[in-house]
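When you line the sequence shown up against numbering that gives the first Met the number 0, it's residues 0 to 367, in that order.
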Amino acid sequence: MGVYAPEKAMLQAPEREVVMEIDSSKLPALESDTPIEAPAESHLLPTGQFIPSVGIIYENDAWLSSLFSALQNAGIPFEPIDVRNHSFDLLKSRKHTLYLNRVSPSSYLRGNDGAISHAHALLASLEASGTQVVNGSRSFRLETSKVAQQILMNSLGVDVPRTDVVSNCDAVRRLLDKLVFPLILKPDTGGSGAFVRRIENKKHMLDVLDDEEVFAPGHLMLLQEIVVPEDGSIARVEFVDGECLFAMKVKPQNTFNLCPAEGCPRHPITEGVEPQATFKPWSDVPPEAVAQAREILRTAQLDIGGVEWIDTADGRRCFIDINATSVYREDIQKATNVNGFLKVCGYLARELAKEDAKAPNKRWRGGI
Numbered sequence: 000m001g002v003y004a005p006e007k008a009m010l011q012a013p014e015r016e017v018v019m020e021i022d023s024s025k026l027p028a029l030e031s032d033t034p035i036e037a038p039a040e041s042h043l044l045p046t047g048q049f050i051p052s053v054g055i056i057y058e059n060d061a062w063l064s065s066l067f068s069a070l071q072n073a074g075i076p077f078e079p080i081d082v083r084n085h086s087f088d089l090l091k092s093r094k095h096t097l098y099l100n101r102v103s104p105s106s107y108l109r110g111n112d113g114a115i116s117h118a119h120a121l122l123a124s125l126e127a128s129g130t131q132v133v134n135g136s137r138s139f140r141l142e143t144s145k146v147a148q149q150i151l152m153n154s155l156g157v158d159v160p161r162t163d164v165v166s167n168c169d170a171v172r173r174l175l176d177k178l179v180f181p182l183i184l185k186p187d188t189g190g191s192g193a194f195v196r197r198i199e200n201k202k203h204m205l206d207v208l209d210d211e212e213v214f215a216p217g218h219l220m221l222l223q224e225i226v227v228p229e230d231g232s233i234a235r236v237e238f239v240d241g242e243c244l245f246a247m248k249v250k251p252q253n254t255f256n257l258c259p260a261e262g263c264p265r266h267p268i269t270e271g272v273e274p275q276a277t278f279k280p281w282s283d284v285p286p287e288a289v290a291q292a293r294e295i296l297r298t299a300q301l302d303i304g305g306v307e308w309i310d311t312a313d314g315r316r317c318f319i320d321i322n323a324t325s326v327y328r329e330d331i332q333k334a335t336n337v338n339g340f341l342k343v344c345g346y347l348a349r350e351l352a353k354e355d356a357k358a359p360n361k362r363w364r365g366g367i
């Protein structure tokens, strides 16, 4: 896949022609730490005029401001679809040529408990109608389940942390004599390091189980081995349509929150010690690691996303996470000279052209 430069993409159909121009010079500063209000209206042509368009399914305004601005400046027609307050006709959900899913597994941490279930239902309805969804239902199932992620990665033969899955506190107690400490206790549906705890020994485990809130509401929990990075850093690579945009090293200090979003709150592991995470570009990432990460995303049917792993002192390369809601840091983009949002716009423009060519005169009527 080549770089989508500031050039015109022609979307042609019988008796009509649509020109979309992506101009990187028009893109605003990528200030992901400065939330702006999401567009309240569709960026579409007036009723009666047809143009290929994208529906953006989301729930967190703060992480979408830069993408909305990039799409608007690139001239790509789109409509924000906020699943926090949304309804749709189950059999007539399609309204746009193409959809992009940007719902985060951490939505429940922002009080949006129903966002994940609603997004699952909407994606299923859209795909049942033959609609292409970028980061669709399969990738979203993986995004919202650490268990599913590990099963997929294990099927590809890559190293993953040893893990036990438990349904409640009693199940943990029955496993106590078989567990190797220290270990990590984490929820199946993750997000920003929430509900993740380091457990030092059996006594610590029993003390934690006395806390009624140790299990995230309605979640499976994982008991996972601690994988220690050789240099104290976790590696992450970002992809768009199979192209590796950049790699970075994340060094967390007193936090399990590895979210790259600037301004994302980082809860401390140990009270009284300031939590932080530093992000540095990584130019000499091993090609074989990039190839493994690319294959993970391909198998996950994840068009836009990232993969995290840990390189250990004893030679392990242990893959730990798949991320479908990439948030591109301004400092990393500047350091690598890569505009992630422009790459996303280029990919969406190409996919719009492909989808429009399949049925150029078709109109979709739906309730989204």
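C-beta: ideal position from N, C-alpha, C; glycine also.
Option in the options with minimal Cα separation from residue i
| i | options | result |
| --- | --- | --- |
| Phe67 | Trp308, Ser124, Asp112 and Arg101 | Arg101 |
| Thr143 | Asn338, Thr96 and Ile115 | Ile115 |
| Gly129 | Leu90, His117, Phe180 and Ser138 | Leu90 |
| Glu188 | Asp240, Val132, Leu221 and Val179 | In the sequence under discussion, the amino acid at residue 188 is Thr, which differs from the Glu named in the question. Considering only alpha carbons, the answer is Leu221. |
| Leu121 | Arg140, Leu97, Phe87 and Leu208 | Phe87 |
| Asn153 | Phe278, Val82 and Ala299 | Ala299 |
| Glu350 | Thr96, Ser232 and His203 | Thr96 |
| His85 | Asp283, Trp308 and Asn111 | Asn111 |
| Asn59 | Ser52, Leu70, Leu108 and Asp320 | Leu108 |
| Val343 | Asp355, Ala323 and Ala356 | Ala323 |
| Arg315 | Glu229, Asp206 and Pro286 | Glu229 |
| Asp81 | His117, Ala69 and Ser65 | His117 |
| Thr335 | Leu301, Phe278, Asp313 and Asp302 | Phe278 |
| Val157 | Ile319, Phe340, Asp283 and Asp330 | Ile319 |
| Glu242 | Leu70, Asp163 and Ala292 | Ala292 |
| Leu151 | Met204, Ile321, His203 and Ala312 | Ile321 |
Counterpart residues of residue i in DSSP-defined beta bridges
| i | result |
| --- | --- |
| Asp163 | Leu222 |
| Ala61 | In DSSP, Ala61 forms no bridge with anything. |
| Lys202 | Per DSSP, none; premise fails for Lys202. |
| Glu242 | Val239 |
| Trp308 | Ala234 and Phe318 |
| Lys279 | Lys248 |
| Ile50 | Ile50 pairs with nothing; no bridge assigned. |
| Ile303 | Val239 |
8 Å Cβ shell around residue i - same chain, five flanking residues per side excluded
| i | result |
| --- | --- |
| Lys201 | Leu175, Leu178 and Phe180 |
| Lys208 | The sequence shown places Leu at residue 208, not Lys. Around Leu208: Cys168, Val171 and Arg172. |
| Glu294 | Leu155 |
| Pro285 | none |
| Val165 | Val171, Leu174, Leu219, Met220, Leu221 and Leu222 |
| Glu14 | Caution applies to Glu14, whose pLDDT of 34 falls short of 50 and renders its modelled position unreliable; the model cannot decide the point. |
| Leu70 | His42, Val53, Ile55, Phe77, Cys344 and Leu347 |
Integer Cβ distance of residue i from residue j, believed to fall under 8 Å
| i | j | result |
| --- | --- | --- |
| Cys168 | Val226 | Contact flag wrong, Cβ pair sits at about 25 Å. |
| Val306 | Val236 | 6 Å |
| Leu125 | Ser103 | Rounded, the Cβ-Cβ distance is 18 Å, inconsistent with contact. |
| Asn134 | Leu99 | 7 Å |
| Ala288 | Trp308 | 7 Å |
Own chain, CB closer than 6 Å to residue i, minus 5 neighbours either side, in chain order
| i | result |
| --- | --- |
| Tyr346 | Val239 and Asp240 |
| Lys357 | none |
| Gln131 | Leu97 and Glu354 |
| Arg137 | Gln300 |
| Val213 | Val207 |
| Arg161 | Glu224 |
| Ala374 | Residue 374 is absent from the model: the chain starts at 0 and stops at 367. |
Residues near residue i by beta carbon distance below 7 Å, same chain, minus five either side
| i | result |
| --- | --- |
| Trp281 | Ala234, Ala246, Met247 and Lys248 |
| Ile75 | Met19, Val53, Cys344, Leu347 and Ala348 |
| Arg83 | Glu58, Asn111 and Ala114 |
| Leu296 | Phe238, Gly304 and Val306 |
| Leu182 | Ile198, Leu222, Gln223, Glu224 and Ile225 |
| Asp206 | none |
| Asp310 | Pro228, Glu229, Ala234 and Arg316 |
| Ala147 | Arg140 and Leu141 |
| Ala123 | Ser136 |
| Gly231 | Lys250 |
| Leu244 | Glu237, Phe238, Val337, Gly339 and Lys342 |
| Thr33 | Model confidence at Thr33 stands at a pLDDT of 35, short of 50, so the residue's coordinates are unreliable; what they give is reported in the following sentence. Around Thr33: no qualifying Cβ. |
| Gln149 | Val159 and Thr162 |
Report task. Within the segment 122–198, note down every full beta strand (DSSP E) run reaching 3 residues or more, in order along the chain. Result -> Fully enclosed beta strand (DSSP E) runs of no fewer than 3 residues occupy 131–133, 162–165, 182–186 and 196–198 of the segment 122–198, in order along the chain.
Report task. Please list the segments of the alpha helix (DSSP H) lying wholly inside the segment 52–110, counting only runs of 4 or more residues, in order along the chain. Result -> As far as the segment 52–110 is concerned, its whole alpha helix (DSSP H) runs of at least 4 residues are 60–73.
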